[in-house]
Amino acid sequence: MDERLVLARIRAAVLDDRLRLTEHAHFELLEDKLLTVDAESALLSGALHRVEPPTHLGESEPRYTIVGHGADMNTRIGVVCRFDAGDQLVVITCYEITA
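The numbering of the sequence shown is the working numbering, which starts it at 84 and goes up by one.
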C-alpha cells in the first residue's frame with residue numbers, strides 16, 4: 084500500500100463531494116464541538132496514521148485513520164474512514180485529539 088496514493092484517493096473524494104458521515108460521526112462531531120468542515124479539513128491536511136483490515140461482513144476496503152487539523156488549523160482531529168463499494172468515502176467517526 085502506497086500512503087501517497089491512499090491520501091490522494093481520500094482527498095479526491097473530499098474535493099469531489101463523495102463524502103458521507105455516519106450518524107455516529109455526526110454525534111461525535113457535535114460532542115467535541117466540531118463541524119463537518121473540521122473533518123473535511125483534517126482529511127485534506129492530514130497524514131495516514133493507521134490502516135486496519137476490513138472488520139465487518141460485506142466490507143472489502145480497509146479502514147483508514149487520518150490525523151490532521153480542523154478548519155482553525157490548530158485543533159488536531161482524528162478521522163476514521165473507509166471507501167464503500169461505490170467509491171464514496173464513509174466517515175465512521177471523528178474525534179478531537181487533546182493529548
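Glycine included, every Cβ here is placed at the ideal spot set by N, Cα and C.
The structure displayed is predicted, hence computed values, not measured ones.
Judged by DSSP secondary structure, I175 falls within the beta strand (DSSP E) whose first and last residues are 172-179. For P145, the closest of V97, A95, E111, V174 by C-alpha to C-alpha distance is V174. Distance from the CA atom of G151 to the CA atom of R92, rounded to whole angstroms, is 16 Å. Membership of T119 in the alpha helix (DSSP H) is indicated by the continuous run 119-128.
Distance from T105 to L112 at the Cβ level is roughly 11 Å; contact not present, criterion being Cβ atoms closer than 8 Å. Looking only at D167, T158, E114, A168, the smallest Cα-Cα distance to G129 is reached by T158. Taking the Cα of E179 as reference, the smallest distance to any Cα among L90, A95, L117, L88 is reached at L117. DSSP places R87 in the uninterrupted alpha helix (DSSP H) bounded by 86-98. Taking M156 as reference, the option from A122, F166, R103, E142 with the minimal CA-CA separation is A122.
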